[in-house]
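Here's the structure, in structure tokens; my notes come after.
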Ligand code: AMP
Ligand code: ZN
Ligand code: FE
Ligand code: FE
């Protein structure tokens, strides 16, 4: 029997990916991926469309979302997986996150204007493929590139948008432990997205995990495009030691991150059905 693979971290054009949910599910089916979690930033608007396409293409859809939170070492990302179809508390929370995001975006444009780069918010919104999107710095970077104000997408961040750069404006984010507790109370499975990308000592990850677990964390993303085998091994054993499950995904963004392939990451990523079944079992045991 063919081994079967999944991808539990993907973005569509409902946030800063470039595929529609339909295109993403079609690609997943061609790649024989059996399950896909759609995890757009701060929105669940693409999920119904993804589920509908998933049914047609024979790919199981895990309803998900990626949420940013504040930690002592900068933005900490959390994946909410198996989001219930109706979850008004979560929708209100995400709506607030999107409002704060819009306000932050406008302040970035003000800063850019003070450098003589005048961009209307409409132009940023035009970079998004749907009226339900969560516009962010990637979309502002695209406008800067179109205007030839920068020589590459990466330069847009280095010169203007990255933390510490001249037009950087931080987004007010809720505390990571509070977000974990809140998401957990919403009945979703919470996984810590790409923990090793956080610029913190590994000892901090080791020390903080038990408290994160007490607040409701259920898994850590142990399989990820940017991870070496040693990174994955570190995460897998850390999860085991803490009684947490493992999740895994590519963080596919379509053309926005062309070096990351759906299901395969930078080439070496394989999130097996077995890993997925363990995550599911973990979830089931918690629901009893
Ligand atoms: P936002 O959510 O609007 O603050 O934008 C964050 C997104 O911008 C991240 O998910 C990355 O895709 C992208 N990003 C952040 N920093 C950089 C960077 N230094 N270079 C390229 N892309 C970046
Ligand atoms: Zn993104
Ligand atoms: Fe992330
Ligand atoms: Fe992501």
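Numbering (the numbering used here), first residue to last: 24 to 311. For glycine and all other residues, C-beta sits at the position ideal for the given N, C-alpha and C.
For residue 274, the shortest separation between its Cβ and any heavy atom of ligand 3 lies below 8 Å. DSSP, read as helix, strand or coil, puts residue 205 in helix. For residue 39, the shortest separation between its Cβ and any heavy atom of ligand 2 lies below 8 Å. Here residue 247 is near residue 219, since their CB atoms are less than 9 Å apart.
With a cut-off of 8 Å, the C-beta of residue 128 is classified as near ligand 1, since at least one heavy atom of the ligand falls inside that distance.
Cβ-Cβ distances below 7 Å link residue 293 to 28 in the same chain, with the five nearest sequence neighbours on each side left out; the list follows chain order.
For ligand 3, no non-hydrogen atom lies closer than 8 Å to the CB of residue 262. For residue 74, the closest C-alpha among the options 86, 63, 182, 185 is that of 86.
By the Cβ test, the segment 55 to 71 is in contact with the segment 103 to 116, since at least three Cβ pairs between them sit closer than 8 Å.
At a Cβ-Cβ threshold of 9 Å, residue 39 and residue 161 count as neighbours.
The shortest C-alpha to C-alpha distance from residue 150 to any of 280, 284, 37 is the one to 37. Counting the other CB atoms within 10 Å of its CB gives residue 128 a total of 16 or more, which places it among the buried residues.
Cβ-Cβ separation between residue 265 and residue 236: approximately 6 Å, consistent with a contact (criterion under 8 Å).
Using a 10 angstroms sphere on the CB of residue 282, the tally of other CB atoms stays under 16, which defines it as exposed. For residue 288, the pairing in a beta bridge is given by DSSP as 284.
Contact annotation: the segment 92 to 99 does not touch the segment 140 to 159, with fewer than three C-beta pairs closer than 8 Å.
Remark: C-beta atoms of residue 190 and residue 138 approach each other more closely than 9 Å. Taking 8 Å as the cut-off, the C-beta of residue 89 counts as close to a heavy atom of ligand 4.
Membership of residue 88 in the beta strand (DSSP E) is indicated by the continuous run 83 to 94.
In this structure, the C-beta of residue 77 stays at least 8 Å away from each heavy atom of ligand 1. Counting the other Cβ atoms within 10 Å of the Cβ of residue 229 gives fewer than 16, which makes it exposed.
Classified as exposed, residue 144 has fewer than 16 neighbouring CB atoms from the shown chains inside 10 Å of its CB.
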